[in-house]
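Its first residue numbered 33, the sequence shown is counted upward by one per residue in the working numbering.
All C-beta atoms, glycine included, are put in the ideal place defined by N, C-alpha and C.
None of these values were measured; they are calculated from a predicted model.
Notes follow the structure.
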Amino acid sequence: MKYFVSLAVAALLLGCGGNDEKSQTTSTTHNIAQVAKEATTNAVEKTKQVAHEATQQAVEKTKQVAQATQEKVEKAATTVKETTQQAVEKAEKKVAAVTQAVDAKQLYSKCAGCHGADGKTKALGKSEPIAGWSKPKTIDALNGYKAGTRNIHGMGAVMKGQASSLDEKQIEALGEYISKLH
33 MKYFVSLAVA
43 ALLLGCGGND
53 EKSQTTSTTH
63 NIAQVAKEAT
73 TNAVEKTKQV
83 AHEATQQAVE
93 KTKQVAQATQ
103 EKVEKAATTV
113 KETTQQAVEK
123 AEKKVAAVTQ
133 AVDAKQLYSK
143 CAGCHGADGK
153 TKALGKSEPI
163 AGWSKPKTID
173 ALNGYKAGTR
183 NIHGMGAVMK
193 GQASSLDEKQ
203 IEALGEYISK
213 LH
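Here is the structure:
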């Protein structure tokens, strides 16, 4: 732009030395105005171009930041979801374990009448203490009594009556509970 203004001033100075001073001044003024108009138009166009490029760069950078932010939010949401799901599963397992322990203890209360609260009593003075029996041994014994195929110390009929109402889960819970009696 400085270049065009300098040209306009030079043209003005060169035009002042002629015969028809008014005509030359008008012509020079017109030339200066034309040069200034062109310089202004060029400056406006260059400013528009620079502004457009800067806007495009800002839009692109904003898109990149938005995409990165969205990815981080999605990753965080997935992590929170997985962590929450794991916590819920752990809580459900703990509740199930507590429930099973309570159920097993409640189930064992029927056994405690003959075997004692600690499982160390000989039932009706005949059977061996059951405290500390392994889980598989207890499960096998209860399933044998339930099926009517086990009759140790003549207790088959009594134990069949006790075991016949137990389902597989209850028998397993009792096996676990009795294995922990010591």
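| Asked | Found |
| --- | --- |
| Could you give the DSSP three-state label for Met191: helix, strand or coil? | helix |
| Note the first and the last residue of the continuous alpha helix (DSSP H) segment covering Ile184. | Taken as a continuous stretch (DSSP letters only), Ile184 belongs to no alpha helix (DSSP H), as it is neither H nor E. |
| Would you mind sorting Lys178 into buried or exposed? The rule is 16 or more other CB atoms within 10 Å of its CB. | buried |
| Pick out whichever of Leu206, Ala155, Thr61 and Glu204 has its Cα sitting closest to the Cα of Gly186. | Ala155 |
| State the Cα-Cα distance for the pair Glu114 and Lys158, rounded to the nearest angstrom. | 55 Å |
| Please confirm whether Ala195 and Leu213 have their CB atoms less than 8 Å apart. | no |
| If you check the beta carbons only, do Thr170 and Gly207 fall under 8 Å apart? | yes |
| Could you work out which residue in Pro168, Thr79 and Ala163 is closest to Asp150 when comparing CA atoms only? | Ala163 |
| Determine the burial state of Ser166: buried for a count of at least 16 other Cβ atoms within 10 Å of its Cβ, exposed for fewer. | exposed |
| Terminal residues of the continuous alpha helix (DSSP H) containing Leu206? | Glu200 to Ser211 |
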